[in-house]
Amino acid sequence: MPELPDVETMRRYLQATSLHQQIEEVDVRSEQLLAQTAVEELKERLIGHSFNSTRRHGKWLFVALDGDAEAFLVLHFGMTGGLKYFENMEEDPEYDRILFHFASGYHLAYIAMRKLGEVAIVDDVEAFVGNKDLGPDVLDPDFDLSAFKEVVDDRWVMAKALLMDQHELAGIGNVYADEILFQAQVHPRTRINRLSEETLEQLFGKMKSVLQEAIEHQAHPDRFPAWFLVPHRHGDGTCPRCGAGLERVKVSSRTSYFCPNCQHKKA
DNA sequence: ACATTGACCTGAGAGC
DNA sequence: TGCTCTCAGGTCAATG
Numbered sequence: 000m001p002e003l004p005d006v007e008t009m010r011r012y013l014q015a016t017s018l019h020q021q022i023e024e025v026d027v028r029s030e031q032l033l034a035q036t037a038v039e040e041l042k043e044r045l046i047g048h049s050f051n052s053t054r055r056h057g058k059w060l061f062v063a064l065d066g067d068a069e070a071f072l073v074l075h076f077g078m079t080g081g082l083k084y085f086e087n088m089e090e091d092p093e094y095d096r097i098l099f100h101f102a103s104g105y106h107l108a109y110i111a112m113r114k115l116g117e118v119a120i121v122d123d124v125e126a127f128v129g130n131k132d133l134g135p136d137v138l139d140p141d142f143d144l145s146a147f148k149e150v151v152d153d154r155w156v157m158a159k160a161l162l163m164d165q166h167e168l169a170g171i172g173n174v175y176a177d178e179i180l181f182q183a184q185v186h187p188r189t190r191i192n193r194l195s196e197e198t199l200e201q202l203f204g205k206m207k208s209v210l211q212e213a214i215e216h217q218a219h220p221d222r223f224p225a226w227f228l229v230p231h232r233h234g235d236g237t238c239p240r241c242g243a244g245l246e247r248v249k250v251s252s253r254t255s256y257f258c259p260n261c262q263h264k265k266a
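Sequential numbering of the first sequence, starting at 0, is according to numbering that gives the first Met the number 0.
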């Protein structure tokens, strides 16, 4: 779930539901999610305050808090995280690890079945992004073709490994890397410096368009256009373009689905 | 430089 | 039905 389009969808969800309400209580049910911030500090910085606005960088969601000093709640969703806003505690979702209780009587749950996420309070988003050594957010308008070419920089890595490397590009994970490579008709193990200028431009365009389109469909594969690979990413899936059976290969120890007919090894 | 593996966690789904 | 096995949309450190 939580790659750039999913996190962007959650950002909009939080933005639409949870801003400008006083936080009455914070219930930390799984302390290990708080890597950098103590439970006491989290409560101190949140209780009596409210969420004011939201930002996102790659797979990281930042929620600005009201108050004198700049401060943000930071959320990462690991592999199985999400958010749910609800009123009745009987609707409290399973695997809720942190609960934010608002004075309005509503609640926001941070969900993480596998507890692989991270939650913290930070003062400075840019400093945080720098500390984590994150690459540019792929949907940042400043991240243009020439910036992408600088990242590629004639390196020898496999295309998929580069797309997924958060230190190079922030936001793309296993599923959307497959989708982007499929749309660009590039084999996942192709060395990135083997791509022609033209294919590289094609790849860049698909990075933007695939993520953008996924967001427009709320990152919900059921709603994706018919030519998208994601809904076919399973054992006996077939290519939505040519009908060939999809193949699987490991890249960076992640399962990659691709069409042997449409995605060639060379550019 | 680059690739792979295991660890961190807790299921969900498949196969028997 | 119940058990066991494999796999899972992320990231980091260690190893070759």
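The beta-carbon is built from N, C-alpha and C at its ideal position, and this holds for glycine as well.
Exposed unless 16 or more other CB atoms sit within 10 angstroms - verdict on residue i
{"i": "PRO140", "result": "exposed"}
{"i": "VAL118", "result": "buried"}
{"i": "MET291", "result": "For the chain, the structure presents residues 0 to 266; residue 291 sits outside this window and is missing."}
{"i": "ASP136", "result": "buried"}
{"i": "ALA243", "result": "exposed"}
{"i": "GLN35", "result": "exposed"}
{"i": "TRP155", "result": "exposed"}
{"i": "ALA126", "result": "exposed"}
{"i": "ARG55", "result": "buried"}
{"i": "CYS238", "result": "buried"}
{"i": "GLY116", "result": "buried"}
{"i": "THR254", "result": "exposed"}
{"i": "ARG232", "result": "buried"}
{"i": "SER17", "result": "buried"}
{"i": "LYS58", "result": "buried"}
{"i": "HIS166", "result": "exposed"}
{"i": "LYS249", "result": "exposed"}
Under the three-state DSSP convention, the category residue i falls into
{"i": "TYR84", "result": "strand"}
{"i": "ASP26", "result": "strand"}
{"i": "LEU171", "result": "One point to set straight first is that residue 171 is Ile, not Leu, in the sequence displayed. In this structure, ILE171 counts as coil in the three-state DSSP scheme."}
{"i": "MET157", "result": "strand"}
{"i": "LEU267", "result": "This structure gives no information on residue 267, because the portion of the chain shown stretches from 0 to 266."}
{"i": "TYR105", "result": "coil"}
{"i": "PHE61", "result": "strand"}
{"i": "VAL150", "result": "helix"}
{"i": "VAL137", "result": "coil"}
{"i": "ILE46", "result": "coil"}
{"i": "ALA34", "result": "coil"}
{"i": "ARG54", "result": "strand"}
{"i": "GLU117", "result": "strand"}
{"i": "PHE181", "result": "helix"}
{"i": "ASP143", "result": "coil"}
{"i": "ASP95", "result": "strand"}
Rounded straight-line distance, which links the Cα of residue j to that of residue i
{"i": "CYS258", "j": "ALA225", "result": "15 Å"}
{"i": "GLU7", "j": "GLY236", "result": "27 Å"}
{"i": "LEU210", "j": "MET163", "result": "13 Å"}
{"i": "GLU246", "j": "MET206", "result": "22 Å"}
{"i": "LEU45", "j": "CYS261", "result": "51 Å"}
{"i": "HIS263", "j": "ASP91", "result": "47 Å"}
{"i": "PHE85", "j": "LEU107", "result": "7 Å"}
{"i": "TYR256", "j": "ILE171", "result": "15 Å"}
{"i": "GLY66", "j": "GLY134", "result": "30 Å"}
{"i": "PRO4", "j": "LEU138", "result": "10 Å"}
With three or more C-beta pairs closer than 8 Å as the rule, is the region 9 to 16 touching the region 39 to 48? The region 39 to 48, when compared against the region 9 to 16, does not touch it at the 8 Å Cβ threshold.
Does the region 146 to 153 come close enough to the region 214 to 225 that 3 or more CB-CB pairs lie under 8 Å? Too few Cβ pairs lie closer than 8 Å, so no.
Are three or more beta carbon pairs between the region 180 to 192 and the region 60 to 75 nearer than 8 Å? No, because fewer than three Cβ pairs between the region 180 to 192 and the region 60 to 75 fall closer than 8 Å, the two stretches do not touch.
Does the region 20 to 32 come close enough to the region 88 to 99 to have 3 or more Cβ pairs within less than 8 Å? Yes, the region 20 to 32 is in contact with the region 88 to 99.
Alpha helix (DSSP H) segments (min. 4 residues) lying fully within the region 191 to 258: Taking only runs of at least 4 residues, the alpha helix (DSSP H) segments lying wholly in the region 191 to 258 are 196 to 215.
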